[in-house]
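Novice: Residue numbers (the working numbering): 87 to 213. Even glycine gets a Cβ: it sits at the ideal position worked out from N, Cα and C. Nothing here was measured: the structure is a model prediction, and the numbers come from that model.
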């Protein structure tokens, strides 16, 4: 099972805008997937019942967008589903720690929801 860690950048002067970091097993999924992207703001991703919350029916969720116009895709999506006590992210494609491609990750539901709730409180996102 993988571990999720969610962080948030406060925006200027640290960087151009407020955005969310999504780390899976210590790796920045957005940066490793496409360096032109930045995670969406915490208010868009973390609120109760928001797009990162898993449902029995898998759905495709936008988690990042391109910071500046360049050729190529302008957003990063992940397919998020729930199977029993396991949250599944699929539709991924980023290099793992060994350099091989990561296409799917699985999280224990309790850790996953706990981390989203912790990040939501830290970012002061309200319903």
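Once you ignore the five residues that flank residue 187 on each side, which residues in its own chain have a CB closer than 8 Å to its CB?
Specialist: In the chain shown, the residue the question calls residue 187 occupies position 101. Cβ neighbours of residue 187 beyond the five flanking positions: 179, 180 and 181.
Novice: Answer with buried or exposed for residue 100, where buried requires no fewer than 16 other C-beta atoms within 10 angstroms of its C-beta.
Specialist: For the purposes of this step, residue 100 is taken as residue 14 along the chain shown, with counting starting at 1. The residue in question, residue 100, is exposed, as its Cβ has fewer than 16 Cβ neighbours within 10 Å.
Novice: Taking its Cβ as the centre, do 16 or more other Cβ atoms sit within 10 Å of residue 169, making it buried, or is it exposed?
Specialist: Taking the chain shown and counting its residues from 1, one reaches residue 169 at position 83. By the 10 Å Cβ count, residue 169 comes out exposed.
Novice: Please classify residue 128: does DSSP put it in a helix, a strand, or coil?
Specialist: Start at 1 with the first residue of the chain shown, and residue 128 comes out as number 42. Here residue 128 sits in helix by DSSP.
Novice: Could you pull out every residue in the same chain whose Cβ sits closer than 7 Å to the Cβ of residue 87, ignoring the five residues on either side in sequence?
Specialist: Start at 1 with the first residue of the chain shown, and residue 87 comes out as number 1. Taken in chain order, the residues that qualify are 192, 193 and 194.
Novice: What residues in its chain sit with their C-beta under 6 Å from that of residue 190, if we drop five residues either side in the sequence?
Specialist: The count along the chain shown starts at 1 and reaches residue 190 at position 104. For residue 190, where only same-chain residues beyond five positions count, the Cβ hits under 6 Å are 176.
Novice: From residue 103 to residue 124, what distance separates their C-alpha atoms?
Specialist: One-based indexing of the chain shown puts residue 103 at position 17. One-based indexing of the chain shown puts residue 124 at position 38. Whole-angstrom Cα-Cα distance: 9 Å.
Novice: Sort 112, 133 and 139 by Cα distance to residue 172 and report the nearest one.
Specialist: Position 86 of the chain shown, counting from 1, holds the residue named residue 172. Closest by alpha carbon: 139.
Novice: Under DSSP, the beta strand (DSSP E) around residue 161 begins and ends at which residues?
Specialist: What you label residue 161 is simply residue 75 of the chain shown in a count that begins at 1. Its beta strand (DSSP E) spans residues 161-169.
Novice: Ordered along the chain, which non-local residues of its own chain (more than five positions away) have a Cβ less than 8 Å from that of residue 208?
Specialist: Locating residue 208 in the chain shown gives position 122, where the first residue counts as 1. Only 94 meet the Cβ criterion.
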